[in-house]
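Participant: Residue numbers (numbering that gives the first Met the number 0), protein chains in the order written: chain A, 0 to 342; chain B, 0 to 342. Where a beta carbon is used, it is the ideal one built from N, C-alpha and C, also for glycine. Only a predicted model underlies this, so the values are computations on that prediction, with no experimental measurement involved. Take this structure, written in structure tokens, and hold onto it; I'll ask about it next.
There are 2 protein chains.
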Amino acid sequence: MAKRSRSFKGAPGIVDVAARAEVSPATVSRFFNNPDVVKTPTRKRIEKAANDLGYIRDRMAGSMHNRFSGTIGLIVPTIDNAIFSELIEAFASQLLEHDRTMLIAAHGYELKREIGIVRSLLERRIDGIALVGQDHDAVPMNMLAQRNIPVVSIWNFDANSSIPCIGADNFEAGRLVAQHLFDLGHRNITVIFPDTNHNDRARDRLSGVKSVFKSQQLSLSHKNLMTCPYDIGEAKKLTMKILQSNRSTAVVCGNDIISHGVIFACQALGLNVPQDLSIVGIGDFAGSAHMEPGLTTVRLPAKRIGILAADTLVAMNETGIPPKNKHQEVEMRFMHRGSTAVV
Amino acid sequence: MAKRSRSFKGAPGIVDVAARAEVSPATVSRFFNNPDVVKTPTRKRIEKAANDLGYIRDRMAGSMHNRFSGTIGLIVPTIDNAIFSELIEAFASQLLEHDRTMLIAAHGYELKREIGIVRSLLERRIDGIALVGQDHDAVPMNMLAQRNIPVVSIWNFDANSSIPCIGADNFEAGRLVAQHLFDLGHRNITVIFPDTNHNDRARDRLSGVKSVFKSQQLSLSHKNLMTCPYDIGEAKKLTMKILQSNRSTAVVCGNDIISHGVIFACQALGLNVPQDLSIVGIGDFAGSAHMEPGLTTVRLPAKRIGILAADTLVAMNETGIPPKNKHQEVEMRFMHRGSTAVV
DNA sequence: AATAAAAATGCAAACGTTTTCATTTTAAGG
DNA sequence: CCTTAAAATGAAAACGTTTGCATTTTTATT
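So this is what it looks like as structure tokens:
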């Protein structure tokens, strides 16, 4: 029986391949990492040997030298929600293009959980990490900084962010939808937003909405500003309750999820959208374009953000460190659909 | 300057902690992996040293001995879709409970891509992997088998599956919704399903539907069996086209996504659901319960599947290998909501 | 208090690669 | 065909842990 160092574990190692190809392990390593430095005939032999043996390299072992693991982390508030799924998919696919893989975790909108997650990712030696938003605990940020791990903040654009960011201008998104309603003549407007604590995206959007109210000399009181979780059912329930006493002509929702709930609530109550009530969302998730009526909203290019984030992170650890353009803004698009009309 | 072997890289290593705590690296290692074998005072010293230094262990280095990396893979057809997001989130969270992390990738319903993905995951030394469905290319399955990597098939229950599986009886799901329509008196039924090639879930559901047709002596012809991708917009478009010439009283959809599209199509055409058309889906995704009308469907416990899958995989590499109950069936629930009515 | 057994710790050899440096082979130039 | 430079390969030392074995310390027993 030939010399098969690792065979008892079931898998051949680089030395097995080397032996079979009659070269040194070093050359096999080069074959995989830097193919053009090995002569063609040798290359062929190694390739054949590797195939015959079904060799799969152990990047982990390699990473002990490399300092790079080929794995990049992504932390999102939640996976189980249309909001981020497009982003996640795009990020993962683009990483695959770069021969990297994604390690993902969700903190469920509890920023404190991020510290444990970051630690766990760090223990697995990630080469970089993408974090949603700008609000983060100092502890994990320090862990990352101390280790010089490339970090990007995604989703929200902030020209003053200390770490590189890739995202859309959420203030502007909020401004756009609110202004749209005012332009249609609405003056009695209800605003339904998620909790803005530890959530810069929602906070910025709300600021944008408020800026329009202010410019119109209107007040946004407690009575017409409601808080609602990221859940269609909750949004629907809440809306059905407030619509009994509330005579608004329009609703601004902090995101499309809430909008869906509001629209369903109207349908349940027999209200006509947009004749009886105009509704706007932010995000343009799957379904928003096709529901009836179509939801007027702002399209945030989640896919593009995911791709840019992946590219940026990979570039950060391939080149030196910080990316040329530290703050990358992606364009939004206002989508005027059937859920809004003149008052 | 103290001896800091790895410090130039920015991060302290186990020997730095050992030096500071005045013990050997071996003891520090034990402190982390098997705390109860180290005496309390020593433990305290190590803990303090590790904290002072901000030490984060390098599991990768440890995995060179361990054979376990603490990382588990999940391959799904798609991330960007309500179908699997609940599953993914549950799987990831449960793994975190077990101090593992998830490596995830999507093949976009192209089974051939699974081979590259599996290879990539294997190179990262996953401890186990969960695959959606039973239809898989032989190549990746062999790679996994050769290496003795625990594998579970999730989503679909199949009592004869050669690998462990955790899922629901999709045949029964199809049977349930079709039978429901027949029980309501429907005889002219359109069936809209995703492509069943390389998709055992859809295939089994369709078989279930067909079994009802057969038992009712009805035929399911080309004319009333349509294929449609997993996309609300496509489903809506298709439905709007076929509803012009088609006088069915009910539609069976292969999944809730398609159902949503069908319902929106009806609303766009001014048809009343369920009076003019009854609609059933399968899955019970986010939104199905709250849309108007609520969608009659079958609830597949995605969360439970995710948790069970995580637990099973972890158990598989903690105990010996194969789980006690190789085939785990999770219960479904038929959800009768507003989208169906007597003809 | 002495001895045996058990518990805690240390030493040093792995784990499977990559990489530096040295050596051999090939190609180029005259 | 010989010399020199360049290209290809090999030998061996890392990388940061874990772990088997040996050694020391503690606890229990008489």
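1. Examine chain A for any beta-carbon lying closer than 8 Å to the beta-carbon of phenylalanine 30 (chain B), and answer yes or no.
2. Among A:Pro40, A:Thr39, A:Ile45 and A:Ala10, which has the Cα closest to the Cα of alanine 25 (chain A)?
3. Please check if any C-beta of chain A sits within less than 8 Å of the C-beta of glutamate 122 (chain B).
4. Taking the CB atoms as reference points, tell me whether threonine 77 (chain A) and tyrosine 54 (chain A) lie closer together than 8 Å.
5. Do you know offhand how far serine 258 (chain B)'s Cα is from valine 279 (chain B)'s?
6. Cα-Cα, which of B:Leu120, B:Ala81 and B:Thr100 is closest to aspartate 410 (chain A)?
7. Just checking my contact of glutamate 113 (chain B) with isoleucine 148 (chain B) at CB under 8 Å: how many whole Å lie between their CB atoms?
8. Valine 341 (chain B): buried (16+ other C-beta within 10 angstroms of its C-beta) or exposed?
9. When the Cα of asparagine 65 (chain B) is compared with those of B:Ile162, B:Arg124, B:Arg118 and B:Ala89, which residue comes out closest?
10. Give me the Cα-Cα distance between lysine 43 (chain A) and valine 27 (chain A), rounded to the nearest whole angstrom.
11. Looking at valine 16 (chain A): is its Cβ nearer than 8 Å to the Cβ of threonine 41 (chain A)?
12. Got a sec? Which residues, its chain only, sit under 7 Å from alanine 158 (chain B) by beta carbon, not counting five neighbours each side?
13. Please classify threonine 39 (chain B) as buried or exposed, where buried requires at least 16 neighbouring CB atoms within 10 angstroms.
14. Is the separation between the beta-carbon of aspartate 352 (chain B) and that of phenylalanine 170 (chain B) shorter than 8 Å?
15. Pairing CB atoms from the region 259 to 277 of chain B with CB atoms from the region 289 to 302 of chain B, are three or more of them under 8 Å?
16. Do you know whose CA, among B:Ser220, B:Leu183 and B:Val297, lies nearest arginine 332 (chain B)'s CA?
17. Within this structure, are the beta carbons of arginine 246 (chain B) and asparagine 155 (chain B) separated by less than 8 Å?
18. Using C-beta distances below 6 Å, list every residue in its chain close to aspartate 126 (chain B), excluding the 5 sequence neighbours before and after it, in chain order.
19. Measure the Cβ-Cβ separation of isoleucine 281 (chain A) and valine 176 (chain A) and say whether it is below 8 Å.
20. Have a look at alanine 18 (chain A) and arginine 58 (chain B) and give me their C-alpha separation to the nearest angstrom.
21. In angstroms, rounded to a whole number, what distance separates the CA positions of alanine 314 (chain A) and tyrosine 229 (chain B)?
22. Taking the DSSP output, what are the residues bridged to cysteine 374 (chain A)?
23. Which residue's Cα is closest to the Cα of valine 131 (chain B): B:Ser338, B:His197 and B:Gln145?
24. Given that leucine 183 (chain B) touches chain A, what residues does it touch there, using C-beta distances under 9 Å?
25. Can you tell me whether lysine 222 (chain B) is buried or exposed? The criterion is at least 16 other CB atoms within 10 Å of its CB, across all chains shown.
26. Less than 8 Å between the beta carbons of leucine 312 (chain A) and alanine 104 (chain A), yes or no?
27. In this structure, how does DSSP classify isoleucine 257 (chain A) when only helix, strand and coil are distinguished?
28. Who does serine 277 (chain B) pair with in a DSSP beta bridge?
29. Applying the 10 Å Cβ sphere with the 16-neighbour rule, what's the burial state of methionine 63 (chain B)?
30. Here's the rule I'm using: 16 or more other beta-carbon atoms within 10 Å means buried, otherwise exposed. How should glutamine 216 (chain A) be labelled?
31. State yes or no: is the beta carbon of serine 235 (chain A) nearer than 8 Å to at least one beta carbon in chain B?
32. Could you tell me the alpha carbon to alpha carbon distance between glutamate 122 (chain B) and arginine 56 (chain B), rounded to whole angstroms?
33. What is the rounded straight-line gap between the Cα of valine 37 (chain B) and the Cα of aspartate 51 (chain B)?
34. Please return the same chain residues whose Cβ sits closer than 6 Å to the Cβ of glycine 184 (chain A), not counting the five positions on each side in sequence.
35. Would serine 277 (chain A) and threonine 248 (chain A) be called neighbours here (beta carbons separated by less than 8 Å)?
36. To the nearest angstrom, how far is the alpha carbon of glutamine 266 (chain B) from that of leucine 110 (chain B)?
Facilitator: Quick answer:
1. No, its Cβ sits nowhere closer than 8 Å to a Cβ of chain A.
2. Among A:Pro40, A:Thr39, A:Ile45 and A:Ala10, the Cα nearest to that of alanine 25 (chain A) belongs to A:Ile45.
3. Closer than 8 Å: yes.
4. In terms of Cβ geometry, threonine 77 (chain A) and tyrosine 54 (chain A) do not form a close pair [threshold 8 Å].
5. Rounded to the nearest angstrom, the two C-alpha atoms are 7 Å apart.
6. Residue 410 (chain A) lies beyond the range of chain A shown here (0 to 342); nothing can be said about it.
7. In fact, because the Cβ distance is near 14 Å, the residues do not count as touching under 8 Å.
8. Exposed: under 16 other Cβ atoms inside 10 Å.
9. Of all alpha-carbon atoms in B:Ile162, B:Arg124, B:Arg118 and B:Ala89, the one lying nearest the alpha-carbon of asparagine 65 (chain B) is that of B:Arg124.
10. Each residue's alpha carbon lies about 11 Å from the other.
11. Contact: no.
12. Within its own chain, the residues whose Cβ lies closer than 7 Å to the Cβ of alanine 158 (chain B), once the five positions on either side in sequence are excluded, are His326, listed in chain order.
13. Around the C-beta of threonine 39 (chain B), fewer than 16 other C-beta atoms lie within 10 Å, and the residue is accordingly described as exposed.
14. With chain B represented from 0 up to 342, any question about residue 352 (chain B) goes unanswered, as that position is not in the structure.
15. They touch, by the three-pair rule.
16. If we check each option's Cα against that of arginine 332 (chain B), B:Val297 comes out closest.
17. No, the Cβ-Cβ distance between arginine 246 (chain B) and asparagine 155 (chain B) is not below 8 Å.
18. For aspartate 126 (chain B), where only same-chain residues beyond five positions count, the Cβ hits under 6 Å are Phe67, Ser68, Ile71 and Asn316.
19. Yes, these two residues count as a Cβ contact at 8 Å.
20. Between alanine 18 (chain A) and arginine 58 (chain B), the C-alpha separation is close to 30 Å.
21. Approximately 34 Å between the Cα atoms of the pair.
22. No statement about residue 374 (chain A) is possible, as the shown extent of chain A runs from 0 to 342 and does not include it.
23. Nearest C-alpha to valine 131 (chain B): B:His197.
24. Correct list: empty, because the minimum Cβ distance to chain A is about 22 Å.
25. With fewer than 16 other Cβ atoms inside 10 Å of its own Cβ, lysine 222 (chain B) counts as exposed.
26. Their beta carbons are not under 8 Å apart, which means leucine 312 (chain A) does not touch alanine 104 (chain A) by this criterion.
27. When DSSP states are grouped into helix, strand and coil, isoleucine 257 (chain A) belongs to the helix group.
28. B:Ala249, per the DSSP bridge assignment.
29. Answer is exposed; the Cβ neighbour count stays below 16.
30. When all chains shown are included, glutamine 216 (chain A) counts as exposed.
31. For the record, residue 235 (chain A) in the displayed sequence is lysine; it is not serine. True, the Cβ-Cβ gap to chain B drops below 8 Å.
32. Distance between the alpha carbons of glutamate 122 (chain B) and arginine 56 (chain B): 21 Å.
33. Using only the alpha carbons, I get a separation of about 20 Å.
34. So the list reads Val341 and Val342, once near-sequence residues are dropped.
35. Here serine 277 (chain A) is near threonine 248 (chain A), since their CB atoms are less than 8 Å apart.
36. Approximately 36 Å, taken between the alpha carbons.
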